[in-house]
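Visitor: Here the sequence shown stands for residues 1 to 171, where the numbers follow the UniProt record's numbering. We put the CB at the ideal spot given by N, CA and C, even for glycine.
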Amino acid sequence: MAIGEVVLGSVLASFFQILFNKLTSLALCHVQWEGISITLLEKWKAMLVTINGVLADAEDKQLSTNPQVKLWLDDVRDLAYDMEALLDEFAIKTAQVESEAESNTIRGLEKWKFSFFGQLRSLMSENKVQEINGRLKTIITGKAHLSLRENIADKLNYTSKRDPTTSLPEP
């Protein structure tokens with residue numbers, strides 16, 4: 001079970017890179033029309049950087065039989081999947097709107113139907129955005145309660161890579 005938990009942490013770290021890339025590309029596409037602002041995307045990126053920074057410490061604490069850290073990591077994983085699904089949804093909607101705007105085939109009743117259903121989908125997306133935003137804040141708060149430290153792996157790897165010192169003279 002410990003190997004699976006370590007793999008989970010490394011998968012999460014690589015998954016976070018995918019989320020960073022998607023957040024960046026969406027910020028460049030200006031998805032403000034979908035109920036999500038560029039400012040919020042930047043906040044999400046900052047929160048993800050914070051969470052990503054403590055993943056190594058969380059993995060270590062999880063392996064030392066701390067069940068609360070395991071639950072926290074599960075929440076992080078679930079949130080990452082949900083964020084990816086939402087960001088994919090935004091990317092698809094952005095591509096659809098751009099495609100329909102280019103073709104200019106929507107007129108009259110079809111235009112009205114698209115506008116109505118677009119607003120309905122936007123409200124649903126806005127609820128998802130608020131839910132994910134709340135979950136991100138909860139995970140950040142949980143990080144503090146679990147006393148997870150940032151970039152602990154880098155410090156441990158640095159000390160373990162040092163050459164051992166000796167007082168013996170070289171031959």
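Can you name, in chain order, every residue of its own chain whose Cβ lies under 6 Å from the Cβ of G142, other than the five neighbours on each side?
Guide: Excluding positions up to five away in sequence, the list reads W72.
Visitor: Going by DSSP, what residue range makes up the alpha helix (DSSP H) through E150?
Guide: Taken as a continuous stretch (DSSP letters only), E150 belongs to no alpha helix (DSSP H), as it is neither H nor E.
Visitor: Output yes or no for whether 8 Å exceeds the beta carbon distance between G48 and L19.
Guide: According to the sequence displayed, residue 48 carries Leu and not Gly. For L48 and L19, yes; Cβs fall inside 8 Å.
Visitor: Any idea what DSSP makes of T159, helix, strand or coil?
Guide: In this predicted model, T159 has a pLDDT of only 46, less than 50, meaning its place in the structure is not dependable enough to derive any value.
Visitor: Should G134 go down as buried or exposed, given a rule of 16 or more other Cβ atoms within 10 Å for buried?
Guide: Exposed, by the Cβ-count rule.
Visitor: Under a three-way DSSP split, which group does N133 fall into?
Guide: Helix, per DSSP.
Visitor: Assuming G53 and N151 form a contact by the criterion Cβ under 8 Å, report the distance between their Cβ atoms to the nearest whole angstrom.
Guide: Right, their Cβ atoms sit about 5 Å apart.
Visitor: Can you tell me where the alpha helix (DSSP H) holding N52 begins and where it ends?
Guide: Segment I38 to L63, the alpha helix (DSSP H) holding N52.
Visitor: Whole angstroms are fine: how far does the CA of S99 sit from the CA of L63?
Guide: Those two C-alpha atoms are separated by around 49 Å.
Visitor: Relative to the C-alpha of K45, which residue among A58, I92, L148 and Q17 is closest?
Guide: The candidate whose alpha carbon is nearest that of K45 is Q17.
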